[in-house]
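Asks: Below is a structure I'd like to ask you about.
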Amino acid sequence: MRTPSHWRGAAARISAALIAVILLGASPAAARYGGPTGPTTPTALWASTNGTAISLTWQQPPTGPRVHSFRVYEGGEVVARTTTTSATMNVPFGSSHAYTVTAVDRHGRESAPTDPVTGRSWLSGVNPECLPTPTLPITVTAVTASAVSLSWPRHPLGGELELRVDGVSLGWTSLTSARVGGLAPATDHQIRLYRLNQCGPGSTEPVGSTSATTAAGDPARPAPPAGLTVTGRTDTTISLAWTAPAGPPPDRYAVYEGGTRVAVTVGTTATVQRLFHATWHRFTIAALDSAGNESTHSPAVSASTETCLSSPPQPVGLTATALSPSSVRLGWTFDATATSYTIWDGDTAVATSRYPETVVSGLPSASRHVYRVSATLPQSCGETPRSAQARVTTTPGPAARPAAPASLEVTGNAPGNWPTDARLTLAWSASTGGEPAISYRVYEGATVAGAADGTQLTLAVGGATWHTYTVVAVDAAGNESAASPPVTAQGMFFPPP
């Protein structure tokens, strides 16, 4: 039992904490956004059309604490969680959506959000490739006597860009930055970006240009390294090796991804850390002398991290709430991408769900249950460890239950209000046996999508969006049967001509 002295001590600690907040200038948002010790904001958030969905990509924060996962927001709502730097949003066909992304560390602290980007789930009209080509501004930073850093926004039409410096191609890249070394001091250099236009036969055309003047300095430059290769990879690292230039060894080597220096070493190998699984990367290497002068960069090499996580997270925050004598609602959080979830009662798998929530029905009255949840990972990466337990007891009530409906299927799928809506018609066999059913409920995850007295129901959904349903029979006392086998369907849509 706590004594008054305990409460006085707690109050003093709270007061001291408040004073510290005032003196340090912290705000309530720091609790969410992590303050000076939390993650930094992801960069280069980009939305592109994937026909019937919106694809988002971004780059990991270049500095700050190690990031555990990312959250995608639409408005103030989290609409996706992932442990890699991309997400595909299932949205109605022909609709526009604005998103931001935050980084989250292992303590749950979030970065400030990115600037919003807007994506649309379809494009119509004139092929944008055939319109005048948009141009990009190129920003020059970190200028030395031997090198410059360049950055630019992603092109509105996507695709790789070719970087040319003084007319020499440095290759094609999907990144939005580059480091250029081996330049002469106090010299003007012409920088241009090109893109392959896909209108008609396709042609390379300029989409951005600028000039940069290196600082004054010693004209001596180290010889460039050669033979940059990828020697290994994990889900969070990529290992590189290269050949030293002839002659006296350089003072050190710098490894770059685009314009970001990701490693420095005195040897001819390096392992780039802090990466995310299933992500592509493009590296160059430069030699540095004792004064920091930078050689010409090696030709770039590209590689991806391993697709599957070596230590996948598990679902967390599992809650179980008794809704009635026959049903329990479960909800949880999973900070990664899952294709489905398995619900366990003890060591028995009792249900699956496409969503991080579900209702388990057809349970006995006043029965005790110990639930856990595991996630099935995409790309055949297996199943995660199970979550912590959530215990629940259904409320008292009658023992009788209706029999579960069977043969749930989609019998109709037609466009609604073009282009964003569709109408899905579900039908199922009647409940036979057990307590007589007086109605049926259709569930999508833990949400009642609709109810019917008969064995058919039509639902309005977003065109091209995916949905998974189950149906339960309901008796006069309101008790539910076990759920039918699930059915998954995509709402019909008609692309524009």
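Numbering (the numbering used here), first residue to last: -9 to 487.
Cβ atoms here follow ideal geometry from the backbone N, Cα and C, with glycine treated the same way.
Please read all numbers here as calculations on a predicted model, not as lab measurements.
(1) If I measure Cβ to Cβ from Ala467 and keep anything under 6 Å in the same chain, skipping five residues before and after, which residues do I get?
(2) Apart from the five residues on each side of it in sequence, which residues of its chain come closer than 6 Å, Cβ to Cβ, to Arg381?
(3) Keeping to the same chain, check which residues put their C-beta closer than 7 Å to that of Arg22; ignore five residues upstream and five downstream.
(4) Return yes when the Cβ of Leu151 is within less than 8 Å of the Cβ of Pro118, no when it is not.
(5) Taking DSSP as the reference, what is the three-state secondary structure of Ala10?
(6) If we count the other Cβ atoms within 10 Å of its Cβ and call it buried at 16 or more, is Asp465 buried or exposed?
(7) Taking Ser364 as the reference, which of Cys371, Arg376, Ser370 and Ala356 has the closest Cα?
(8) Please classify Pro196: does DSSP put it in a helix, a strand, or coil?
(9) Which residues mark the beginning and the end of the beta strand (DSSP E) in which Asn80 is found?
(10) Could you give the uninterrupted runs of the beta strand (DSSP E) lying entirely in the stretch 337 to 410, keeping only those of 3 residues or more?
(11) Please confirm if the stretch 93 to 110 is in contact with the stretch 154 to 166, defined as three or more CB-CB distances below 8 Å between the two stretches.
(12) What residue range is occupied by the uninterrupted beta strand (DSSP E) comprising Thr323?
(13) Taking DSSP as the reference, what is the three-state secondary structure of Ser27?
(14) For Glu67, count neighbouring Cβ atoms within 10 angstroms of its own Cβ and tell me buried if that reaches 16, exposed if not.
(15) When burial is assigned at 16 or more other CB atoms within 10 Å of the CB, is Ser193 buried or exposed?
(16) Going by DSSP, what residue range makes up the beta strand (DSSP E) through Val62?
(17) Please go through the same chain and pick out, in chain order, the residues whose beta-carbon is closer than 7 Å to the beta-carbon of Asn80, but skip the five residues on each side of it.
(18) State the Cα-Cα distance for the pair Gly(-1) and Pro51, rounded to the nearest angstrom.
(19) Helix, strand or coil: how does DSSP classify Glu152 here?
(20) Should the stretch 87 to 103 be regarded as contacting the stretch 130 to 149, the criterion being three or more beta carbon pairs within less than 8 Å?
(21) May I ask you to list the residues that DSSP assigns as paired with Thr274?
(22) For the candidate residues Ser355, Pro346 and Gln379, whose alpha-carbon lies nearest to that of Glu434?
(23) What does the alpha-carbon distance come out to for the pair Cys371 and Ala216?
(24) For Gln263, count neighbouring Cβ atoms within 10 angstroms of its own Cβ and tell me buried if that reaches 16, exposed if not.
(25) Could you please give me the residues that DSSP links to Leu491 through a beta bridge?
(26) Fully enclosed by the stretch 437 to 476, which beta strand (DSSP E) runs are 3 residues long or longer?
(27) Comparing C-alpha positions only, which one of Ser343, Pro485 and Pro426 sits nearest to Thr437?
(28) Could you pull the start and end residues of the beta strand (DSSP E) that Trp142 belongs to?
(29) DSSP has Val68 in a bridge; who is on the other side?
(30) Just the Cα atoms here: how many angstroms apart are Asp325 and Ser85?
(31) With a cut-off of 8 Å, do at least 3 Cβ pairs link the stretch 286 to 298 to the stretch 399 to 406?
(32) Note the first and the last residue of the continuous beta strand (DSSP E) segment covering Val262.
(33) Counting C-beta neighbours from all protein chains within 10 Å, is the total for Ala479 16 or more, i.e. buried, or is it exposed?
(34) Please state whether the Cβ-Cβ distance between Thr221 and His267 is less than 8 Å.
(35) If you drop the 5 nearest sequence neighbours on each side, which residues of the same chain put their C-beta closer than 7 Å to that of Asp178?
(36) With distances taken between CB atoms, is the gap from Thr448 to Arg391 smaller than 8 Å?
Replies: The short version:
(1) The residue you call residue 467 lines up with position 477 of the sequence shown. Once the five neighbours on either side are set aside, the close Cβ partners of Ala467 are Pro388.
(2) Working through the sequence shown from its first residue, we reach residue 381 at position 391. Same-chain partners within the cutoff: Val360.
(3) For the purposes of this step, residue 22 is taken as residue 32 along the sequence shown, with counting starting at 1. Any reading at Arg22 must be qualified, since the residue scores a pLDDT of 48, below 50, and its modelled position is unreliable; the value itself is stated next. Taken in chain order, the residues that qualify are Glu100.
(4) On the sequence shown, position 128 is the one that residue 118 refers to. On the sequence shown, position 161 is the one that residue 151 refers to. Their beta carbons are not under 8 Å apart, which means Pro118 does not touch Leu151 by this criterion.
(5) Taking the sequence shown and counting its residues from 1, one reaches residue 10 at position 20. Note that Ala10 has pLDDT 33, beneath the 50 cutoff, so the model's placement of it is unreliable and no number is given.
(6) Taking the first residue of the sequence shown as 1, we reach residue 465 at position 475. Buried, by the Cβ-count rule.
(7) Translated into positions along the sequence shown, residue 364 becomes position 374. When each option's Cα is compared against that of Ser364, the closest is Arg376.
(8) Within the sequence shown, numbered from 1, the residue matching residue 196 stands at position 206. Looking at Pro196 - three-state DSSP - the assignment turns out to be strand.
(9) Taking the first residue of the sequence shown as 1, we reach residue 80 at position 90. That residue, Asn80, is in no beta strand (DSSP E); it is neither H nor E in DSSP.
(10) 338 to 343, 347 to 350, 358 to 366, 380 to 383 and 396 to 405
(11) no
(12) In the sequence shown, counting from the first residue as 1, residue 323 sits at position 333. Run containing Thr323: Ser317 to Thr323, per the beta strand (DSSP E) assignment.
(13) Sequence index remark: in the sequence shown, residue 27 carries index 37 (1-based). With the sequence shown as reference, residue 27 is identified as Thr, and Ser is not the correct amino acid for it. Three-state DSSP puts Thr27 in a helix.
(14) On the sequence shown, residue 67 is found 77 positions in, with the first residue counted as 1. By the 10 Å Cβ count, Glu67 comes out exposed.
(15) Position 203 of the sequence shown holds residue 193. Classification of Ser193: exposed, given that the 10 Å Cβ count is below 16.
(16) As a working mapping, residue 62 is identified with position 72 in the sequence shown. Taken as a continuous stretch (DSSP letters only), the beta strand (DSSP E) holding Val62 covers Ser59 to Glu64.
(17) Taking the first residue of the sequence shown as 1, we reach residue 80 at position 90. Excluding positions up to five away in sequence, the list reads Ala43, Thr455 and Trp456.
(18) Your numbering for residue -1 matches position 9 in the sequence shown. Your numbering for residue 51 matches position 61 in the sequence shown. Unreliable positioning characterises Gly(-1) in this predicted model, as indicated by a pLDDT of 39, which lies under 50. A coordinate reading is not provided.
(19) Taking the first residue of the sequence shown as 1, we reach residue 152 at position 162. Strand, per DSSP.
(20) no
(21) Along the sequence shown, one-based indexing puts residue 274 at 284. DSSP output for Thr274 lists Tyr246 as bridge partner(s).
(22) By 1-based counting over the sequence shown, the position of residue 434 is 444. Closest by alpha carbon: Pro346.
(23) If you number the sequence shown from 1, residue 371 lands on position 381. If you number the sequence shown from 1, residue 216 lands on position 226. Those two C-alpha atoms are separated by around 36 Å.
(24) Sequence index remark: in the sequence shown, residue 263 carries index 273 (1-based). Burial call: exposed.
(25) The first residue shown for the chain is -9 and the last is 487, placing residue 491 beyond what the model contains.
(26) 437 to 442, 446 to 452 and 456 to 464
(27) Along the sequence shown, read from residue 1 onward, the residue named residue 437 stands at position 447. When only C-alpha atoms are compared, the closest one is Ser343.
(28) In the sequence shown, counting from the first residue as 1, residue 142 sits at position 152. No beta strand (DSSP E) holds Trp142; DSSP gives it neither H nor E.
(29) In the sequence shown, residue 68 corresponds to position 78, counting from 1. Bridge partners of Val68: Tyr63.
(30) The residue labelled residue 325 in the question sits at position 335 within the sequence shown. The residue labelled residue 85 in the question sits at position 95 within the sequence shown. The alpha-carbon atoms of Asp325 and Ser85 are separated by roughly 26 Å.
(31) no
(32) Position 272 of the sequence shown, counting from 1, holds the residue named residue 262. Thr259 to Val262 is the span of the beta strand (DSSP E), which, as asked, contains Val262.
(33) Within the sequence shown, residue 479 is the residue found at index 489, counting from 1. With 16 or more other Cβ atoms within 10 Å, it is buried.
(34) Within the sequence shown, residue 221 is the residue found at index 231, counting from 1. Within the sequence shown, residue 267 is the residue found at index 277, counting from 1. Not a contact, by the Cβ cut-off of 8 Å.
(35) Taking the first residue of the sequence shown as 1, we reach residue 178 at position 188. Closer than 7 Å at the Cβ level, and outside the excluded window around Asp178, lie Ser201 and Thr203.
(36) Position 458 of the sequence shown, counted from the start, is the residue given in the question as residue 448. Position 401 of the sequence shown, counted from the start, is the residue given in the question as residue 391. It is not a contact, given that the beta carbons lie outside the stated cut-off.
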